[in-house]
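Counted from 1, the sequence shown has number 100 at position 100 by my numbering; the numbering is strictly sequential. Where a beta carbon is used, it is the ideal one built from N, C-alpha and C, also for glycine.
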Amino acid sequence: MYIADDERLRKRSDLLVQLLGAEADRSLRILEVGCNAGRNLKHLFDNGFHQIEAIEISENAVALFRERFPEVASQVKIHVSPVEEIVRTFADNSFDVVFTMAVLEHIHTDSAWIFDELARIAKTTLITIEDEKGISWRHFPRNYREIFEPCGLVQVHEIQCEDAVHGLGNQFFARVFKKG
Ligand SMILES: C[S@@+](CC[C@H](N)C(=O)[O-])C[C@H]1O[C@@H](n2cnc3c(N)ncnc32)[C@H](O)[C@@H]1O
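This is the structure:
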């Protein structure tokens, strides 16, 4: 089925909000790793989640976020940095929820140590929505259950994505992990 790009992107951000849960506490402290131009941040904000921070390596993407969604950008703390250079500066359990969407798949094997760090800074929940199958010079396929359970997290939910439903193809898996 053909899905227009805007609709596909909205479905992706909808999936994230669904995984957080309709009843989720709106005061949750949430970190997105790799926010690009802030589509997920805007969607979270519009759904009542306002305690948001993000890490993004691309200054251009962050500039676009500030241009497109100035009201949201003014209230979201953005760390313009490679995750590798900043993740160790966060204290244990700094965020109730840490999430990634189409970002860890680009993390080189040399930087795989950040996975332990993401588990360390997530207080209760880690959500990964990642292409776990694609292989290219910039795609590093991994099963994130096998990555994060040895870091002390427990997977509580898994979805193999469907383009028509989630705006992401079936190489993507959405996983929710809990700590403690
Ligand atoms: C495919 S985009 C996904 C963006 C967003 N999560 C979404 O779903 O729309 C991947 C983003 O991760 C960022 N990124 C890739 N490697 C990164 C790193 N090492 N540190 C921080 N951001 C990174 C890229 O600049 C890009 O904005």
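So if DSSP puts PHE173 in a beta bridge, which residue, or which two residues, is it bridged to?
Position 173 of the sequence shown, counting from 1, holds the residue named residue 173. Residue pairing of PHE173 in beta bridges, as defined by DSSP: GLU130 and GLN160.
Could you tell me whether the Cβ atoms of ALA164 and LEU19 are closer together than 9 Å?
Walking along the sequence shown from the start, residue 164 turns up at place 164. Walking along the sequence shown from the start, residue 19 turns up at place 19. One thing to note: ALA164 has its Cβ no nearer than 9 Å to the Cβ of LEU19.
Taking the beta carbon of GLU89 as the centre, do at least 16 other beta carbons fall within 10 Å, making it buried, or is it exposed?
On the sequence shown, residue 89 is found 89 positions in, with the first residue counted as 1. According to the sequence displayed, residue 89 carries Thr and not Glu. Classification of THR89: exposed, given that the 10 Å Cβ count is below 16.
Taking 7 Å as the limit between beta carbons, can you name the residues of its chain near LEU15, skipping five residues before and five after?
Mapped onto the sequence shown, residue 15 falls at position 15. Cβ within range, chain order: ILE129, HIS166 and ALA174.
Backbone CA spacing between ARG26 and GLN51 [nearest angstrom]:
Here residue 26 corresponds to residue number 26 of the sequence shown, with the count starting at 1. Here residue 51 corresponds to residue number 51 of the sequence shown, with the count starting at 1. Between ARG26 and GLN51, the alpha-carbon positions lie close to 8 Å from each other.
Do the stretch 116-135 and the stretch 60-73 meet, that is, are 3 or more Cβ pairs less than 8 Å apart?
The stretch 60-73 and the stretch 116-135 do not touch, with fewer than three beta-carbon pairs separated by less than 8 Å.
One or two residues paired with LYS178 in a DSSP bridge
Numbered from 1 along the sequence shown, position 178 holds the residue referred to as residue 178. In the DSSP output, where bridge partners are listed per residue, LYS178 has THR125 and VAL154.
Between LEU9 and ligand 1, is the CB less than 8 Å from at least one heavy atom?
Along the sequence shown, read from residue 1 onward, the residue named residue 9 stands at position 9. For LEU9, the Cβ falls inside the 8 Å cut-off from some heavy atom of ligand 1.
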